[in-house]
Structure formats: structure tokens, C-alpha cells
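If you're matching them up, the sequences are chains A and B in order.
Residues 1 to 218 in my numbering are what the first sequence spells out, letter by letter.
Residues 219 to 436 in my numbering are what the second sequence spells out, letter by letter.
C-beta atoms are modelled at their ideal positions from N, C-alpha and C, and glycine is treated no differently.
Protein chains: 2
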Amino acid sequence: MVEGPGTVRPGGRTARTRAAVMRAVIDELTEHGYRGTTVERVAARAGISKTTIYRRWRSLDGLLADVMAELAQQRIPVPDAGDLGSDLRALARSVVASVRDPAISAAFASIVAAAVQDPAARDVLSRFLAVRVAAMTTIIDRAARRGELPPGTDAAAVIETLTALIYYRLFIAGDPPGQDVADGAAAIAAAAARAGALARKPRSGDGLRTRPGSPRRA
Amino acid sequence: MVEGPGTVRPGGRTARTRAAVMRAVIDELTEHGYRGTTVERVAARAGISKTTIYRRWRSLDGLLADVMAELAQQRIPVPDAGDLGSDLRALARSVVASVRDPAISAAFASIVAAAVQDPAARDVLSRFLAVRVAAMTTIIDRAARRGELPPGTDAAAVIETLTALIYYRLFIAGDPPGQDVADGAAAIAAAAARAGALARKPRSGDGLRTRPGSPRRA
């Protein structure tokens with residue numbers, strides 16, 4: 001979960017500053033990519049001082065993680081249609097729409113591309129994914145309570161499976177995924193969950209959700 | 219499938235040249251990444267002329283695609299244990315071992331990272347994936363003949379599902395995946411296939427396997 005001064009959201013000037021910084025980060029990532037985005041450029045673009053950014057977010061990667069966490073929370077509503085298949089389908093379609101959103105898609109792709117080789121970018125992306133997965137496990141918990149899933153189903157693993165299949169198509173296989181990819185990913189995740197292939201088990205190192213901090217850029 | 223002069227394999231000097239070029243490509247990708255790899259550097263490293271490379275492979279991306287196709291074919295044996303679960307598990311473990319192989323992992327990651335944002339790199343990667351998927355559909359066809367899978371199961375989609383889950387963990391979530399990730403990916407793909415969630419259907423644009431050529435670098 002995200003924490004620290006960056007997530008406190010008082011109204012007024014602070015909220016406006018925060019919104020300006022968030023927008024500046026997205027725009028810088030879109031124009032210059034992960035490697036070309038700096039605190040200096042973000043500060044100039046948002047019309048604030050670098051000191052303000054460092055005081056609130058400590059580092060560029062802290063800021064990026066906060067921006068990604070905000071995107072993760074803002075853009076995907078939690079579906080609740082009353083059955084697992086429909087809910088996962090609605091979620092998958094939202095994920096596709098979100099990663100293809102022209103306002104953020106280039107910024108997002110720049111972080112994914114960097115994450116393949118750069119531990120700091122990977123950490124930013126992991127936090128984004130963790131927030132999104134945590135927000136969506138409700139779908140699985142509800143389905144489990146309705147008796148649609150075997151006991152011990154790993155809610156996070158179901159959501160990650162769906163996400164993984166969409167991200168793979170978008171970022172690695174390189175198809176811009178449409179509704180068919182979303183529906184396919186939802187069907188695979190639902191079938192695997194119903195069959196008990198996504199049961200909770202002790203994991204030696206649960207990288208996605210508890211990985212300790214990686215090297216940061218200042 | 220890969221074709222063209224680069225895949226003809228006569229013995230003797232031609233075969234030695236080919237091996238030297240393949241090795242030079244991997245080493246250049248490892249050291250300089252996709253963006254830093256050029257025909258000039260590969261030729262110098264392999265001790266041949268740029269003309270030889272252009273004559274055989276036409277372009278750097280043609281050469282990269284051929285290297286990737288060779289890697290795809292060389293490094294993964296097709297398992298045949300007599301049941302779908304075991305075969306997919308063996309395949310998934312081979313995929314993990316292959317992408318983590320220190321001799322090629324950095325070169326491979328450089329292409330995946332580039333593919334997120336660069337259509338030419340994505341095309342190279344798609345060809346690699348197409349070769350690998352095609353080589354492994356035998357596993358699914360055999361399982362279908364044994365009656366383990368519903369009629370109409372899309373063999374390629376089963377293999378892609380398994381691959382997607384591993385690549386996501388490795389390249390996007392950023393865990394170096396171990397045997398647990400391999401076994402989990404195999405279990406999900408098997409369960410989804412058995413449940414009929416991976417049935418063949420008409421696809422509007424089958425991007426992974428029939429995508430037309432993207433812009434190339436010369």
C-alpha cells in the first residue's frame with residue numbers, strides 16, 4: 001500500500017499542487033520516457049520547486065510510485081454483477097481500457113519497458129500492481145462467499161493471472177488487446193480458479209506483494 | 219516460421235560464419251542492448267564484412283529474428299510424459315530455465331524491453347514466440363488425442379497462456395521466476411484448457427502469428 005506524505009490529500013493549494021505534479025509526471029513520461037524523466041523537469045513543468053517534490057515524495061521513484069498508485073485506484077471501478085465470470089470480464093475490459101487510455105498509455109509503457117531491465121522501475125510498477133490487485137480481490141472474496149470457488153482460493157493470484165495475460169498481449173506479444181483478449185483472459189482466470197489451480201500456498205518469496213525496496217533514484 | 223538464406227545450414231565455413239554471427243549478436247545485445255546493437259558492431263565482432271550480413275539476412279532485424287528463432291528451437295525439448303499436466307510442467311520449467319540462462323538472459327531481456335515500445339523489436343520477439351509456440355503445440359495435440367482436452371482446444375493458445383504467465387512474472391512483475399512459478403503457470407494453463415476456456419475461435423486479427431511486417435531497421 002502507498003503511504004507517506006504524498007498520499008495525504010488536503011484540499012486547496014496542496015491538492016492543486018499535487019494534481020499539477022501528477023499531471024507533470026505523466027506528461028514527462030509520455031514525452032521523455034522513464035529514463036528521461038527527472039525531478040527537475042517535473043518541478044519546472046508543475047511550476048513548483050524541486051525542494052517541494054523531495055519534501056513530499058523523497059525521491060523521483062517515490063513520486064512515480066505515488067502517481068502509479070493513484071492511477072491504479074482512480075481508473076478501475078470494482079465490478080459487482082453477482083457472478084465471478086461477469087465480474088472478471090468487466091474487470092478485464094476495464095484493465096484493457098485503462099492501459100490503452102491515450103492520456104496515460106505512453107507513460108505507462110515507458111515504465112513497463114524500463115521495468116524489464118531496471119529494478120527501480122520494476123519496484124514502481126510492482127507497487128502499482130499491488131494496489132490494483134489489492135483493490136480487486138473483493139471480486140474473488142465475494143465469489144468465494146457465494147460458493148463459486150474452492151476454499152483456499154488465492155484471490156490475489158486470480159487477479160494477477162488475468163492481469164498477466166492482458167499485459168503479456170499488450171506489452172510483449174504486442175497486440176493492442178481488444179475485448180476478445182479481455183474476455184479470454186477473464187475466462188482463463190475464472191476456469192483456473194474454479195478448478196482449484198489458484199489455491200493459496202505458502203510461498204518462499206512473495207515477490208509481487210512483499211518485495212523489499214529496490215535501489216532508488218534520488 | 220523463419221525462412222530465407224539465413225536458415226540454410228550447409229557445413230564448413232558457412233556454418234562457422236553463421237555460428238560466429240549468432241554468438242556476436244547475443245554478445246552485442248548483452249553488452250549494448252537492442253538499441254546499441256548494429257550490423258557494423260556484429261560484423262566486427264564476428265570477423266566478417268557487413269556485406270556478408272546484409273547478403274544473408276537483409277537487415278539487422280532479419281538477423282535478430284533468425285537468432286531468436288534458432289534460440290527458440292535449440293533450447294527447449296518437447297516433453298512427452300504421456301499426460302498433459304506433466305508435459306506442461308516440464309515445458310514451463312524449460313521456459314523458465316531458458317529465459318534465465320545467463321548466456322542469453324540479458325540479450326533476451328533487451329529485446330523484450332525494446333518490444334514494449336518499438337514495433338521492429340516486437341516483430342523480432344513475435345517471430346521468436348511464434349517458433350516456440352508452434353514447436354510446443356505437439357504437447358496439446360497429443361493430449362487432445364488422448365481425450366484429455368475438449369474438442370476444439372486451441373493448442374497455440376494453451377502454450378501462449380503458459381508462456382504469458384511466466385514472462386509476466388519475469389519481465390513485468392519482476393520476480394525471477396522459479397519452479398513454483400513454472401508449476402503454477404502449467405497448472406493454470408492445464409486447468410483452463412481442460413475447462414474449455416481455450417477453445418479455438420475465429421479471431422478478427424490474429425496478431426501473434428500472422429501480424430504483417432512492422433518497420434524494420436536496415
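- Nearest Cα to Gly254(B) within the set Ala332(B), Phe389(B), Val342(B) and Met354(B): Ala332(B).
- Going by beta carbons, Val21(A) and Ala46(A) fall inside the 7 Å limit.
- In this structure the segment 375-395 of chain B touches the segment 342-354 of chain B; the number of beta carbon pairs closer than 8 Å is three or more.
- When only Cα atoms are considered, Ala121(A) and Pro151(A) end up about 35 Å apart.
- Contact of Phe171(A) with chain B is assigned, a C-beta pair being separated by under 7 Å.
- Chain-ordered listing is empty here: chain A has no CB closer than 8 Å to the CB of Gln397(B), the nearest sitting near 10 Å.
- When the Cα atoms are used, Arg41(A) and Glu28(A) turn out to be separated by approximately 7 Å.
- At a cut-off of 7 Å, the C-beta of Tyr34(A) has no neighbouring C-beta in chain B.
- The DSSP-derived three-state label of Ala415(B) is coil.
- Along the segment 312-334 of chain B, the positions whose C-beta sits under 9 Å from a C-beta of chain A are Ala324, Ala327, Ser328, Val330, Ala331, Ala332, Ala333 and Val334, read in chain order.
- As the crow flies, the alpha-carbon of Ser344(B) is around 12 Å from that of Leu282(B).
- Cβ neighbours of Ala72(A) within its own chain (closer than 6 Å, five residues either side excluded): Phe128, Val131 and Arg132.
- Under the 7 Å criterion on CB atoms, Ile406(B) is classed as interfacial with respect to chain A.
- The beta-bridge partner set that DSSP reports for Thr153(A) consists of Ala199(A).
- For chain A, the residues of the segment 370-390 of chain B that bring a beta carbon within less than 7 Å of one of its beta carbons are Thr379, Ala382, Leu383, Tyr385, Tyr386, Phe389 and Ile390, in chain order.
- Minimum Cα-Cα distance from Phe326(B) among the listed residues Arg234(B), Leu309(B) and Tyr252(B) corresponds to Tyr252(B).
- Taking a C-beta distance under 7 Å as the contact criterion, Ala408(B) and Leu302(B) qualify as a contact pair.
- With at least 16 other beta carbons inside 10 angstroms of its own, Thr371(B) counts as buried.
- A check of alpha carbon separations from Phe389(B) across Thr235(B), Thr248(B), Ile329(B) and Thr355(B) identifies Ile329(B) as the nearest.
- Taking the beta carbon of Leu309(B) as reference, no residue of chain A falls within 9 Å; the closest one sits roughly 16 Å away.
- For Gly365(B), the nearest beta carbon of chain A is not closer than 7 Å to its own beta carbon.
- Remark: fewer than three beta-carbon pairs, one from each stretch, lie closer than 8 Å, so the segment 384-402 of chain B and the segment 355-362 of chain B are not flagged as touching.
- Per DSSP, Pro119(A) is one residue of the alpha helix (DSSP H) stretching across Pro119 to Arg145.
- Leaving aside the five residues that flank Ala192(A) on each side, the residues in its chain whose CB is nearer than 7 Å to its CB run, in chain order, Thr161 and Leu198.
- For Arg122(A), the closest Cβ of chain B is nearer than 7 Å.
- Residue environment for Pro320(B): exposed (fewer than 16 other C-beta atoms within 10 angstroms of its C-beta).
- Pairing Ala324(B) with Thr248(B) gives a Cβ-Cβ distance under 7 Å.
- Arg412(B) sits buried, since 16 or more C-beta atoms from the chains shown fall within 10 Å of its C-beta.
- Closest in alpha carbon position to Ala287(B), among Tyr272(B), Val314(B), Val243(B) and Arg311(B), is Val243(B).
- For Asp305(B), the closest of Lys419(B), Ala405(B), Gly414(B) and Arg418(B) by C-alpha to C-alpha distance is Ala405(B).
- Scanning its chain for C-beta atoms nearer than 8 Å, with the 5 sequence neighbours on each side dropped, one finds around Thr235(B) the residues Ala264, Ile266 and Thr270, in chain order.
- Secondary structure note for Asp279(B): its alpha helix (DSSP H) is the uninterrupted segment Leu278 to Gln292.
- Counting along the chain, the unbroken alpha helix (DSSP H) around Ala106(A) starts and ends at Ser105 to Ala115.
- For Gly174(A), at least one C-beta of chain B is nearer than 7 Å to its own C-beta.
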